[in-house]
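The sequence shown begins at 22 in the numbering used here and counts up by one.
Where is the CB? At the ideal position from N, CA and C, for every residue including glycine.
What follows is a single structure, written as structure tokens, with notes after it.
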Amino acid sequence: MSTNEILLAEITRLKKERNALILAHNYQVEEVQDIADFVGDSFFLSQKAAAATEEVIVFCGVHFMAESAAILAPDKTVLLPAADAGCPLADFADAEQVRQWRARHPQAAVVAYINSSAEVKAEADICCTSANAIKVVESLPHDEIIFLPDGNLGHYVASHFPEKTFHLWPGYCITHHRITPEDVQAVRERHPQAEILVHPECQPSVVALADFVGSTSQILDRVAKSPAKTLIIGTEMGVIHGLKKNHPDKEIYLLSSGLVCPNMKRTTLQKIHHALENLEMRVTVAEPVRAKAYAALQRMLAVGR
Ligand code: 13P
22 MSTNEILLAE ITRLKKERNA LILAHNYQVE EVQDIADFVG DSFFLSQKAA
72 AATEEVIVFC GVHFMAESAA ILAPDKTVLL PAADAGCPLA DFADAEQVRQ
122 WRARHPQAAV VAYINSSAEV KAEADICCTS ANAIKVVESL PHDEIIFLPD
172 GNLGHYVASH FPEKTFHLWP GYCITHHRIT PEDVQAVRER HPQAEILVHP
222 ECQPSVVALA DFVGSTSQIL DRVAKSPAKT LIIGTEMGVI HGLKKNHPDK
272 EIYLLSSGLV CPNMKRTTLQ KIHHALENLE MRVTVAEPVR AKAYAALQRM
322 LAVGR
């Protein structure tokens, strides 16, 4: 057996022994996606964490994802194998700032993107993911919305509700924000027949030029249904693995170079093994923050996608 095969066999053994569920985001490296019980976007993985029957959830993603699982499944042991996998987008907002914005706009509903800390979620009326942000805002009777922390996603959502007033947080994802409209124009010239699919964390000027906008899983679904033979993807490179595997007949390219989230790439098979063996690093959220954040996440799950 190769070292990798021994490692995989050990993970399989420990997974059974610990009664663990392995969840992996679409941005995880190939071998991590391949070992997971479920691979998907933030919405799907939240659903899976909330419904888990196993005692341990190993979350192969970044901190706010494992934290959301811990909020939704407080009786489970939630492990984040890459202890240092943060999210610079989530770091744009803290709870005190949210309270200040609410005080400035007392009539507004606070919608927190799942890419936020537990403390920020606890200050929100409802959470959303990129898969259901429009549906979440649609579910609210409010004329005014504070949308945080992703201003690009907020702008995309706001464009669907011209009758509402949006207060957009000035945060962004460094990976998606680097895609420019010039990148889109360049690929259009090179591949005039191609369909261009982007994540709503991209800048409004990029979203405006795309053929399809959706979460990572919505992009994967669209590629499966699209009649186009060439597809250009504007999100983190992790989605390419599944796309190439499932559609060998299609030409699939990334919209620009450097679409890598370094935090998502921190999870390795070795770290998953360590997490299962030592039950580390455990992610917990103290009451009453957890209970308040749970209410906001639960409302989001009730809206659906
Ligand atoms: P989705 O998981 O909703 O596609 O969003 C991707 C992302 O921003 C992860 O941080």
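Close beta carbons around residue i, own chain, < 8 Å, minus the five adjacent residues each side
i: I92; result: A139, K142, V306, R311, A314, Y315, L318
i: N136; result: S63, F85, C108, L110, A111, P170, D171, C194
i: L290; result: N25, L28, L29, I32, E52, V53, I56
i: A296; result: V79, L100, L101, P102, M302
i: A231; result: V205, I217, L218, V219, C223, G255
Cα-Cα separation, residue i to residue j
i: E184; j: D164; result: 7 Å
i: L218; j: I32; result: 35 Å
i: E159; j: I167; result: 14 Å
i: V131; j: I293; result: 35 Å
i: L100; j: N40; result: 13 Å
i: L322; j: H220; result: 20 Å
i: Q128; j: P225; result: 26 Å
i: A124; j: K97; result: 36 Å
i: C223; j: H126; result: 26 Å
i: G82; j: V234; result: 22 Å
i: C149; j: M22; result: 44 Å
i: D146; j: A133; result: 8 Å
i: I253; j: A229; result: 15 Å
i: Q121; j: D58; result: 41 Å
i: A116; j: P162; result: 24 Å
i: C282; j: T196; result: 6 Å
i: R326; j: F65; result: 9 Å
i: Q239; j: P309; result: 34 Å
i: Q49; j: V119; result: 30 Å
i: R211; j: T237; result: 24 Å
i: I261; j: I200; result: 17 Å
i: Q214; j: A207; result: 13 Å
i: G263; j: L42; result: 20 Å
Minimum C-alpha distance to residue i - residue among the options
i: T251; options: I240, Y274, V260; result: Y274
i: N284; options: K246, M258, G325, S277; result: M258
i: K37; options: L276, I78, A72; result: I78
i: V324; options: L35, W122, Q121, Q68; result: Q68
i: P248; options: H262, D270, T237; result: D270
i: A152; options: G61, Q121, E117; result: G61
i: A72; options: R209, L44, V50; result: L44
i: H198; options: A296, P309, L280, T288; result: L280
Contact set for residue i: own chain, Cβ-Cβ below 7 Å, skip 5 residues either direction
i: A114; result: S137, V141, L169, P170, W190, G192
i: F182; result: V158
i: P95; result: R311
i: G175; result: F168, F187, L189, W190
i: R243; result: L218, F233, G235
i: P202; result: S226, V227, L230
i: K265; result: I273
i: E298; result: L35
Exposure label - residue i; buried when at least 16 CB within 10 Å
i: T256; result: buried
i: S180; result: exposed
i: N267; result: exposed
i: S278; result: exposed
i: A103; result: buried
i: D105; result: exposed
i: R34; result: exposed
i: E144; result: buried
i: T74; result: exposed
i: A70; result: buried
i: F88; result: This sequence places Glu at residue 88; Phe is not what is there. Per the 10 Å Cβ criterion, buried.
i: R287; result: buried
i: N173; result: buried
i: A90; result: buried
Identity of the residues DSSP links to residue i by a beta bridge
i: L252; result: E216, I273
i: V79; result: I43, L100
i: I167; result: V131, H188
i: G61; result: H46
i: F233; result: L218
i: I147; result: V132
i: L303; result: This sequence places Arg at residue 303; Leu is not what is there. According to DSSP, R303 bridges with L100.
Sequence-distant residues of its chain with Cβ nearer than 6 Å to residue i (five each side left out)
i: V178; result: A154, I155, V158
i: E76; result: N40
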